[in-house]
Structure formats: structure tokens, C-alpha cells
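Let me begin by presenting the structure, written as C-alpha cells, before commenting on it.
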Amino acid sequence: MKAFIFGTAYIENPQRAELVQMWIELNAYLNPELPLVVVDSASDPIWRNMIPALREIEIYTVKDGDALPPLRPGLNWIDFPENLGHPSTHGVDGWGRAFCRGIEIAIAQNYDYVVNIESDLLFRPKVMEVLQIQQQKQIKFMTAWERTYGFMENCICFMETRYLRDHGYIEKYGWHEQKKGAVLPEQHMENILRDELFIKPWMGFRDDFSKVQPEHLPHLDYLTHAHDHRLYYLFMQQIMPSGWQPPSQR
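Remember, the working numbering sits 422 above the position in the sequence shown when you count from 1.
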């Protein structure tokens with residue numbers, strides 16, 4: 423099985439840079455057999471350069487429509503030359519563009535599966551174990567349910583590349599056509615996927631309202647949108663080898 427993990431990113435402060443570094447470390451530890459790809463939407467180098475993992479790799483800046491570099495083992499970083507913003511604020515679906523770029527890589531480079539785990543989301547299950555179940559059950563598109571808002575969790579997507587290609591997912595999503603005030607990306611994806619959308623009952627939250635407490639963490643499969651950054655530290659320390667310390671405290 424040929425697969426990789428990607429996460430979209432826009433880094434706007436030191437906390438976000440540290441979270442991306444933790445995302446890299448967690449996935450490298452849990453899923454060492456899979457290439458990692460960060461699809462960056464032109465983050466400011468002031469913040470991006472705070473990520474230690476970037477000191478040892480090349481950053482590729484690729485315009486829409488240009489050839490994408492072949493993935494190599496370990497971390498890959500692919501940037502856009504400009505940031506488009508979010509449909510809720512700028513009227514252009516920058517997130518959708520970055521998400522579709524991950525799918526473009528999978529199709530162009532003949533990957534069997536592509537997994538989106540957003541770079542601000544820490545995910546506990548081992549990806550290859552999930553993919554093996556997905557392959558056995560012939561599931562085309564697997565995600566979680568976002569309990570806070572009541573829609574699919576588009577920050578966790580396990581996808582069969584052949585389905586995405588044959589179904590014309592990129593064309594149907596049409597990120598360049600999404601306008602401010604239109605449906606949310608999550609709802610748009612639900613409309614496209616329909617009966618092929620499989621919801622896996624992973625436990626996790628977008629902690630937008632600061633409801634997650636430290637005692638909840640052992641029961642969570644994933645965590646994102648935490649306002650208290652210490653929750654990410656504790657979540658990582660439950661998974662990583664003994665002695666792991668947050669990047670900002672080394």
C-alpha cells in the first residue's frame with residue numbers, strides 16, 4: 423500500500439509554529455513509514471523559521487498548475503506563492519485550494535491512499551492501522567464527526583486516491599468558485615461525497631470553547647483548536663517516548 427499524510431498550514435504566530443513542529447514529531451514517531459507533507463499557504467518566514475524540522479529540508483514554492491515535486495521519505499514542505507485567505511473572511515477558499523493540492527499530489531504520483539491530518543490537529547491512532555481497515559472494508563472516504571458543530575471533521579480525512587480521481591473530487595469541489603457566505607467547506611464536502619462518506623467514531627474535539635480538561639486527554643483520539651497550549655503538551659507526553667519536552671522548552 424502506497425500512502426502519505428498531508429496537512430494544510432498557515433502559520434501566524436509562535437504558538438502555531440510550535441504546534442506544527444509537534445505535528446511533525448508525532449507523525450514521524452507514530453507513522454515513520456509514511457511521507458509527511460505540509461501544504462503551506464505562504465506563511466510569513468518569521469514564524470515558519472521557528473520550526474526546527476525545516477532547518478534540514480528544502481521548501482518548494484509551487485504555483486497553481488505547475489509540476490509538483492516527487493515526495494521523499496520524511497518531511498516534505500510545499501508552499502504556495504501567495505495566501506488567499508478563508509471564504510468566511512476573504513471570499514476565497516484558500517483552505518480548499520491547499521486541501522486539493524494534497525489530492526493532486528496523490529493522483530499525479532500514483533498513491534493508493536492519501537490522508538489529511540491538519541497541521542493544527544494531533545491524532546493518536548496509527549495511520550497505517552487505519553488504512554489497513556479502510557482497504558479491507560473498501561471504504562472510499564473516512565472521517566470523524568465534529569461533535570461541537572454537527573458536521574464532518576474535514577481536518578481528518580482518509581481517502582482512496584482512485585475514488586477521488588474517478589469521482590472528479592477536485593473538479594466538483596471547485597475551490598476557486600467558493601464565495602463568501604456560501605456553504606462551509608465541511609458541508610460542501612458532505613454534499614459531494616454523499617453515500618461514500620464513512621464516519622469513524624473517533625473521540626475528539628475542536629476545543630473552541632475551552633471545554634477540554636487535562637483529565638479528558640487519555641480518552642481522546644485527537645485534539646485541535648485548544649486555546650490552552652499546555653493541553654497539546656500533555657497530549658503529546660501521553661504518546662511520545664518518556665522524556666519528551668515541548669519544543670519551546672528545550
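Every residue gets a Cβ at the ideal spot worked out from N, C-alpha and C, and that includes glycine.
> So is glutamine 671 buried or exposed if we call it buried at 16+ other beta carbons inside 10 Å?
Replying inline: Translated into positions along the sequence shown, residue 671 becomes position 249. Answer is exposed; the Cβ neighbour count stays below 16.
> By Cβ distance below 7 Å, which residues in the same chain neighbour glutamate 481 in space, the five residues on each side in sequence not counted?
Replying inline: Residue 481 sits at position 59 when you count from the first residue of the sequence shown. Per the sequence presented here, residue 481 reads as isoleucine, with glutamate not at that position. Excluding positions up to five away in sequence, the list reads Trp499, Asp501.
> Bridge partners of cysteine 579, per DSSP?
Replying inline: Your numbering for residue 579 matches position 157 in the sequence shown. Asn538, Thr565, per the DSSP bridge assignment.
> When the distance is taken between beta carbons, is methionine 625 closer than 9 Å to tyrosine 654?
Replying inline: Here residue 654 refers to the residue found at position 232 of the sequence shown. Here residue 625 refers to the residue found at position 203 of the sequence shown. Taking C-beta atoms as the reference points, tyrosine 654 and methionine 625 fail to come closer than 9 Å.
> Alpha carbon to alpha carbon, how far is alanine 464 from threonine 483?
Replying inline: For the purposes of this step, residue 464 is identified with residue 42 of the sequence shown, where counting begins at 1. For the purposes of this step, residue 483 is identified with residue 61 of the sequence shown, where counting begins at 1. Straight-line Cα distance between these residues: approximately 9 Å.
> Any idea if aspartate 534 is buried or exposed, counting beta-carbon neighbours within 10 angstroms, 16 or more meaning buried?
Replying inline: Sequence index remark: in the sequence shown, residue 534 carries index 112 (1-based). Exposed.
>> Just to confirm the assignment, what range does the beta strand (DSSP E) spanning isoleucine 427 have?
In response: To locate residue 427, count along the sequence shown from 1; it is residue 5. From DSSP, the beta strand (DSSP E) with isoleucine 427 extends over 425 to 431.
>> Suppose contacts are defined by Cβ-Cβ distances below 9 Å. Is lysine 562 in contact with glutamate 637 by that definition?
In response: Working through the sequence shown from its first residue, we reach residue 562 at position 140. Working through the sequence shown from its first residue, we reach residue 637 at position 215. Contact flag unset, no.
> Ends of the beta strand (DSSP E) at phenylalanine 631?
Replying inline: Within the sequence shown, numbered from 1, the residue matching residue 631 stands at position 209. Per DSSP, phenylalanine 631 belongs to no beta strand (DSSP E) and is neither H nor E.
> Do the stretch 568 to 576 and the stretch 587 to 598 make contact, defined as three or more Cβ pairs closer than 8 Å?
Replying inline: no
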